[in-house]
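To start, the structure itself, in structure tokens.
Below is the structure:
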């Protein structure tokens, strides 16, 4: 199983080890695109600060991120699993998983990133600021920049197993599952049910997805199809409604229904 996650705006302040070594990151098919994006971001942030802040969508209080981005090749790095600190990752709680679940996390989790493309949880990168919606000079819109490399790397990473796609909408354009991979892919929508009515949630969408992934890692099951995944999640006490694709070669949708936020 391959679980696709979004990154988070919240990140650790500093790294704690050796600087970035791009050649050691997983998914080597992404290496040339990583080099291009990294060089373009550093060049942008080394130039006019107002131009960089506008391109990155930074508020005045985040101007320090521009200087940080100029030092990405020399700054201390840390594992991606320790870098992201947002709601999803707080509820996933990678740090306090037992060893078998941590091993499964290293094998199954893939975190999408505007700057790095996608990372395994043990890939070491420095703290940075660059979302998938950014346009970098000479590179363009990052979600478009990553498509060709992702089209090669992601099917290889998925192999013949299930893909659980928990990415947010900003990150889905970078890779679209197709064909046989799409048929083995499940996307998730979190719905809040109250007084017989259902609404799509935002903040608690992330929390629910974090708890869902944690439950799967702790359980250690190996569902191979979206239908089997729905059964596994029900066994883990989640309320799930599956929707098979209307056409072949499209992902399944799983609705996770929650009554308490």
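Numbering (my numbering), first residue to last: 5 to 265.
Even glycine gets a Cβ: it sits at the ideal position worked out from N, Cα and C.
From a predicted model like this one, the values you see are computed outputs, not experimental measurements.
| Query | Result |
| --- | --- |
| Can residue 165 and residue 5 be called in contact, C-beta distance under 8 Å? | yes |
| Return the chain-ordered list of same chain residues with a C-beta closer than 7 Å to the C-beta of residue 221, the five sequence neighbours on each side being excluded. | 101, 105, 108 and 109 |
| Can you name, in chain order, every residue of its own chain whose Cβ lies under 8 Å from the Cβ of residue 55, other than the five neighbours on each side? | 48 |
| In terms of DSSP beta bridges, what is residue 261 paired with? | 195 and 243 |
| What distance in whole Å lies between the Cβ atoms of residue 9 and residue 240, which are believed to be in contact at a cut-off of 8 Å? | Not confirmed; about 18 Å, so no contact. |
| What are the boundary residues of the beta strand (DSSP E) that includes residue 148? | That residue, residue 148, is in no beta strand (DSSP E); its alpha helix (DSSP H) goes 146–149. |
| Rounded to whole angstroms, what's the CA-CA distance from residue 12 to residue 250? Just pull it up for me. | 32 Å |
| Using DSSP bridges, identify the partner residues of residue 169. | 8 and 191 |
| Identify which residue in 264, 252 and 234 has its Cα closest to the Cα of residue 258. | 234 |
| Is residue 81 closer than 8 Å to residue 23 when the C-beta atoms are compared? | yes |
| Three or more C-beta pairs closer than 8 Å, one from the region 135–143 and one from the region 186–196: is that the case here? | no |
| Starting from residue 103, trace the alpha helix (DSSP H) both ways and give me its first and last residue. | 103–112 |
| Do you know how far the Cα of residue 89 is from the Cα of residue 15? | 5 Å |
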